[in-house]
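The block underneath contains the structure these notes are about, expressed in structure tokens.
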Amino acid sequence: MRIAVLSEADPAEPRVAAVPETVKKFVGLGAEVVVQAGAGLKAGVPDAEYEAAGATVAQGAEETARDADLVLKVRRPAAEELPLLKKGAAVVAIMDPYGREAELKAMADAGVTGFAMELMPRITRAQVMDVLSSQANLAGYRAVVDGAAEYGRSMPMMMTAAGTVPAARVFVMGVGVAGLQAIATARRLGAVVTATDVRPATKEQVESLGAKFVAVEDEEFKQAETAGGYAKEMSAEYQQKQAELVKGHIAKQDIVITTALIPGRPAPKLVSEEMVASMKPGSVLVDLAVERGGNVAGAKAGEIVTTEKGVKIVGHTNVAGRLAATASSLYARNLFAFVETLIDKEAKALAIKWDDELVKATNLTRDGEVVHASFQPKAA
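Just so we're aligned, residue 424 is where the sequence shown starts under our numbering, counting upward by one.
Laid out in structure tokens, this is it:
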């Protein structure tokens, strides 16, 4: 069983799909692990550490991927990588499949068996494989750090001989994993924190972290959560009521962090141009949903926009990747936990159980076809 760990084709992606800790575990399962030279450098892992863990370091993607039964990546294989993979090779990565029908078809046509880590079901058995949570946790933390850096003032209240400096006011919009970590981080830094979400279960979580919950708590709010724990898309009427509540609240905030995402849909617009304009000069908005269209009016992916009034809108992409070493370590552990279930430990070979609920939930392509029901090519 040969496992290949490729460098990421996107030069802006600093994470890597395996770290020495997980390489050692794969070798312990009987695998031959080949790592592309330099794959871990941006995440602080030199080639020598992979070799010390039992891997072979190969020059170039072609040599690394040759005859590999399993390919580990952070992002979906790029078009130029697909011809390097043997037919039937399993590829495990964050596939970003929504709206990517052409890319999925290309993977299928190449004979690749693709697994999307972000489609892992939210069940107890799969918690250790949940890449969305591990990466969102880091993004929530980093959003506060980035927001504080751009704010240019202190976060905690400070009492000095020259007078008292008030604590920064931080408002977190969207209380999933990223939002909860943002609340906890802002609180640790001494800020006064408020938060909002359309899911009623989050109110108790927000308050348990010492923050104040802000939301229109009507009948629609009480039913605004899917069975899988995700937020439902709210009616126009509710969105209008919530916007009015937020409008008055946001004008008093120093830092606003938005994290709201709905799987398979563009990010909901939470902060209008009028709301941005109502904020004080020097205030900061950090939009963690900017890659999906953004929650904040005026946000631009990969840029920090400063309005005429002096409000900054931070639109960093791949925020978890801004903590590349930690993000890679957690992602690699998520990956190993899943891949281990695909390996026959006695035969020391891949033995995918196609009826396993984890496999069925994550398998995108197989035997030249897009097999996941959610991503079938649309009929003409």
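Beta carbons are placed, not taken as given, at the ideal position from N, Cα and C, and that holds for glycine.
Judged by DSSP secondary structure, K528 falls within the alpha helix (DSSP H) whose first and last residues are 524-532. Put simply, of G575, Q604, G570 the residue whose alpha carbon is nearest the alpha carbon of S557 is Q604. Taking C-beta atoms under 8 Å as the contact rule, V793 and K528 qualify, at a distance of about 6 Å. By the CB criterion at 7 Å, I727 and V707 fall outside the cutoff.
Only residues of its own chain outside the window of five on either side were considered, and among them V588 have a CB closer than 6 Å to the CB of M581, listed in chain order.
The region 604-614 and the region 560-568 touch, with no fewer than 3 CB-CB distances between them shorter than 8 Å. Residues of the same chain with a CB within less than 8 Å of the CB of V637, apart from the 5 flanking positions on each side, are F594, T617, A618, T619, L668, V669, H672 in chain order. In this model, L684 and Y574 are separated by some 25 Å (Cα to Cα).
Judged by DSSP secondary structure, Q459 falls within the beta strand (DSSP E) whose first and last residues are 455-459. When rounded, the separation of the alpha-carbon atoms in I775 and A614 is 49 Å. Contact between A533 and L508 holds, with the beta-carbon distance rounding to 6 Å and staying under 8 Å. Exposed is the label assigned to S631, since fewer than 16 other Cβ atoms lie within 10 Å of its Cβ. Judged by DSSP in its simplified three-state form, K635 adopts strand.
Of the residues M540, A441, A481, the one whose Cα lies closest to the Cα of R499 is M540.
Distances from the alpha-carbon of M702 to those of R592, L765, L746, E780 put R592 closest.
The region 486-504 and the region 438-449 touch, with three or more beta-carbon pairs separated by less than 8 Å.
Taken atom to atom, the span from the alpha-carbon of Q482 to that of Y661 is near 56 Å. CA-CA distance, V458 to V514, rounds to 15 Å. Taking C-beta atoms under 8 Å as the contact rule, S695 and A720 qualify, at a distance of about 5 Å.
Spatial neighbours of V551 in its own chain (CB-CB distance under 8 Å, excluding positions within 5 residues in sequence) are listed in chain order as R756, N757, A760. DSSP places I736 within a strand segment (E or B) once states are collapsed to three. Non-local C-beta neighbours of G570 in its own chain, meaning closer than 7 Å and more than five positions away in sequence, comprise I678, I680, V707, V709, V737, ordered along the chain.
Spanning the alpha carbons of K735 and M657 requires a straight line of approximately 28 Å.
DSSP assignment within the region 586-626 yields the following whole alpha helix (DSSP H) runs of 4 residues or more, N-terminal first: 600-611. DSSP, reduced to helix, strand and coil, places I775 outside both helices and strands of the structure shown, so it counts as coil.
The distance from the Cβ of A724 to that of V713 is about 5 Å, consistent with a contact at the 8 Å cut-off.
The region 661-742 contains, as complete alpha helix (DSSP H) runs of 4+ residues, the segments 696-701 (chain order).
Residue range 554-574 is occupied by the alpha helix (DSSP H) that includes L561. Between R789 and T536, the gap from beta carbon to beta carbon is short of 7 Å. No Cβ-Cβ contact shorter than 7 Å links A601 with A634. Within the same chain, L429, A432, A484, A488 come within 8 Å of E504 by CB-CB distance, once the 5 residues on both sides are set aside. Under the three-state reduction of DSSP, G791 is assigned to coil, being neither helix nor strand. Annotation: the continuous beta strand (DSSP E) that includes L493 extends over 493-498. Residue pairing by DSSP places G537 opposite V514, T788 in a beta bridge. Per DSSP, the beta bridge partners of D767 are A772.
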